[in-house]
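In what follows, a single structure is set out as structure tokens and then discussed.
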Amino acid sequence: MSSRRFWMGMVLGALAGGAVSLLDKSTRDGVKEDFSKVSSGVAYAVKNPNELFEEIKDVANKVRSTVEQVTEDVAFITEKVEEIRDVPPQVTELVKGTKETLRKIASSDQSPSHIDGNEL
Numbered sequence: 000m001s002s003r004r005f006w007m008g009m010v011l012g013a014l015a016g017g018a019v020s021l022l023d024k025s026t027r028d029g030v031k032e033d034f035s036k037v038s039s040g041v042a043y044a045v046k047n048p049n050e051l052f053e054e055i056k057d058v059a060n061k062v063r064s065t066v067e068q069v070t071e072d073v074a075f076i077t078e079k080v081e082e083i084r085d086v087p088p089q090v091t092e093l094v095k096g097t098k099e100t101l102r103k104i105a106s107s108d109q110s111p112s113h114i115d116g117n118e119l
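Residues 0 to 119 (the working numbering) are what the sequence shown spells out, left to right.
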């Protein structure tokens with residue numbers, strides 16, 4: 000019961016606050032203008048429900064296509080991040096191989112040669 004009394008007090012307080020705020024002329028004029036805009040929009044929607052439905056459908060399609068595009072972009076970025084994660088082990092292996100080759104060249108008594116076997 001006290002919960003119901005609380006909500007009733009909230010509604011009555013809001014109505015009283017709204018009524019007091021309407022004592023100001025500029026507030027009254029603004030409320031009239033807003034009410035006029037809303038009522039004319041509602042009247043138009045009631046007279047042209049198909050047009051409203053088409054607009055809602057268009058917005059829903061735009062939202063869906065945007066979500067699909069973002070999903071594709073996220074998938075692409077995720078794929079690239081995975082590729083980048085794989086690069087450091089490959090680079091490490093390449094550096095180890097190069098180091099090993101240079102070590103062999105340095106330890107041999109052969110004259111330095113190019114990687115493809117040609118002399119420098």
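Virtual Cβ for every residue (Gly too), placed ideally from N, Cα, C.
Quick caveat: nothing in here was measured; it's all calculated off a predicted structure.
Go to residue i, then tell me how far its alpha helix (DSSP H) extends in each direction, as first and last residue.
i, result
"N60", "P48 to S106"
"L14", "S1 to S20"
Please say whether residue j and residue i have beta carbons closer to each other than 9 Å?
i, j, result
"V10", "L21", "no"
"A42", "L51", "no"
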